[in-house]
Amino acid sequence: MITFNSRNVFITGAANGIGREVARLMASAGAHVALFDLNAHALALLADELQGMGFACSTHVLNVADSHACASVFGTAAEQLGGIDCLVHSAGIYPETPVESMTDEQWRALMAVNLDGAFFVCRAALPHLNENSAIVTLASVAGHKGSHSHAHYAASKGALSSFSKSLALELAPKTRVNIVAPGIIATRMTNDLVQQKGNALLAATPMERFGTPREVAGAISFLCSDLASFITGQTLHVNGGLYIV
Ligand SMILES: NC(=O)c1ccc[n+]([C@@H]2O[C@H](COP(=O)([O-])OP(=O)(O)OC[C@H]3O[C@@H](n4cnc5c(N)ncnc54)[C@H](O)[C@@H]3O)[C@@H](O)[C@H]2O)c1
Numbered sequence: 152m153i154t155f156n157s158r159n160v161f162i163t164g165a166a167n168g169i170g171r172e173v174a175r176l177m178a179s180a181g182a183h184v185a186l187f188d189l190n191a192h193a194l195a196l197l198a199d200e201l202q203g204m205g206f207a208c209s210t211h212v213l214n215v216a217d218s219h220a221c222a223s224v225f226g227t228a229a230e231q232l233g234g235i236d237c238l239v240h241s242a243g244i245y246p247e248t249p250v251e252s253m254t255d256e257q258w259r260a261l262m263a264v265n266l267d268g269a270f271f272v273c274r275a276a277l278p279h280l281n282e283n284s285a286i287v288t289l290a291s292v293a294g295h296k297g298s299h300s301h302a303h304y305a306a307s308k309g310a311l312s313s314f315s316k317s318l319a320l321e322l323a324p325k326t327r328v329n330i331v332a333p334g335i336i337a338t339r340m341t342n343d344l345v346q347q348k349g350n351a352l353l354a355a356t357p358m359e360r361f362g363t364p365r366e367v368a369g370a371i372s373f374l375c376s377d378l379a380s381f382i383t384g385q386t387l388h389v390n391g392g393l394y395i396v
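Just remember that our numbering sits 151 ahead of the position in the sequence shown, which is counted from 1.
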């Protein structure tokens with residue numbers, strides 16, 4: 152049984168998909184979840200749901216691509232709550248564009264959210280991390296295999312993985328840093344992909360189905376918990392066998 156009693160868990164990209172399931176799972180295990188996302192409306196819906204079940208949460212509208220906002224919003228939330236015990240960085244975007252027609256602006260906009268955002272969020276968290284804390288970043292199978300028509304996304308996730316491993320070196324022993332690399336998980340992010348290539352992707356997945364956000368949230372919870380107390384700098388692939396390392 153994993154518990155997060157009285158632990159402060161900061162979650163970016165919390166309003167949808169994997170981040171939202173992490174919030175539900177960790178709040179139900181006793182955490183105070185601080186929810187960060189661009190989408191104020193979806194954040195408010197999630198807060199209503201969690202508070203309705205008696206769980207502790209707070210909401211914070213944040214664009215992770217904004218360096219100053221990350222520092223100030225994280226700083227305020229951490230001071231109010233008493234530091235950060237776990238940080239789950241799930242915010243990300245997945246636009247489709249082949250390299251041949253990719254503009255400078257499209258490349259930069261993707262990197263601004265997926266890579267700069269990870270740096271801004273993790274750096275903003277550092278001064279507020281408590282002893283025995285944990286960070287989990289969300290990379291992707293795309294960062295290992297590449298991804299057709301998503302080269303900027305795959306590049307951002309490969310870089311996020313090596314950034315996270317470097318952070319694990321810098322933050323030990325106070326804070327563990329690990330990476331979860333999902334395969335195809337049924338969220339709004341993969342709606343178009345599943346429409347276009349669903350059958351081929353299923354055929355390439357030994358588990359013969361797509362993953363659920365809950366299954367990724369379980370892996371993230373484990374890495375945040377004391378059950379993973381000697382695990383740092385590692386990548387946990389959650390992909391139903393789509394990519395076996
Ligand atoms: N779903 C998958 O199959 C899959 C596979 C591999 C990796 N991932 C990664 O997992 C993470 C979560 O994906 P998901 O499927 O839950 O996606 P999602 O689209 O369901 O949720 C992403 C959340 O991030 C938020 N967000 C986007 N840009 C933001 C910004 N600039 N600032 C703050 N919040 C922002 C969105 O509002 C949304 O709530 C992403 O980093 C994604 O790259 C997902």
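Glycine included, C-beta positions come from ideal geometry on N, C-alpha and C.
Check                                                                                                                                                                : Outcome
Write down the C-beta distance between M358 and G168 rounded to the nearest angstrom, noting that I regard them as a contact closer than 8 Å.                        : The pair is not a contact, with the Cβ atoms about 19 Å apart (cut-off 8 Å).
So, is K325 buried or exposed, given that buried needs 16 or more other C-beta atoms within 10 angstroms?                                                            : exposed
Within 7 Å: the Cβ of M349 and any heavy atom of ligand 1?                                                                                                           : Reading the sequence as shown, one finds Gly at residue 349 and not Met. Answer for G349: no, Cβ out of range of ligand 1.
Hey, quick one: how far does the alpha helix (DSSP H) through N342 stretch, first residue to last?                                                                   : N342 to A354
Just to confirm my understanding: we take G462, look at its own chain, exclude 5 residues before and 5 after, and list those with CB closer than 7 Å. What are they? : Because the chain here runs from 152 to 396, residue 462 falls outside it and cannot be looked at.
At a cut of 8 Å, does the segment 305-316 reach the segment 246-266 through at least three beta carbon pairs?                                                        : yes
What do you get for T254, buried or exposed, if any count of 16 or more other CB atoms within 10 angstroms of its CB means buried?                                   : exposed
With which residues is R327 paired in a DSSP beta bridge?                                                                                                            : A285
Quick check: what's the CA-CA separation for L201 versus A191?                                                                                                       : 15 Å
What would DSSP say about S209, mapped onto helix, strand or coil?                                                                                                   : strand
With DSSP collapsed to three states, give me the class of L238.                                                                                                      : strand
Along the alpha helix (DSSP H) that carries L176, what are the first and last residues, could you check?                                                             : G168 to S179
Using only alpha-carbon positions, find the residue among L232, A368, P278 and L261 that is nearest to A222.                                                         : P278
Looking at the structure shown, is D377 part of a helix, part of a strand, or coil, going by DSSP?                                                                   : helix
Can you tell which of H299, S284, S372 and V328 has the C-alpha that lies nearest to the C-alpha of A174?                                                            : S372
So for N159, helix, strand or coil by DSSP?                                                                                                                          : strand
By Cβ distance below 6 Å, which residues in the same chain neighbour T386 in space, the five residues on each side in sequence not counted?                          : I330 and A332
Counting C-beta neighbours from all protein chains within 10 Å, is the total for N390 16 or more, i.e. buried, or is it exposed?                                     : buried
Given a cut-off of 8 Å, decide if V212 and H240 are closer than it, judged by their beta-carbon atoms.                                                               : no
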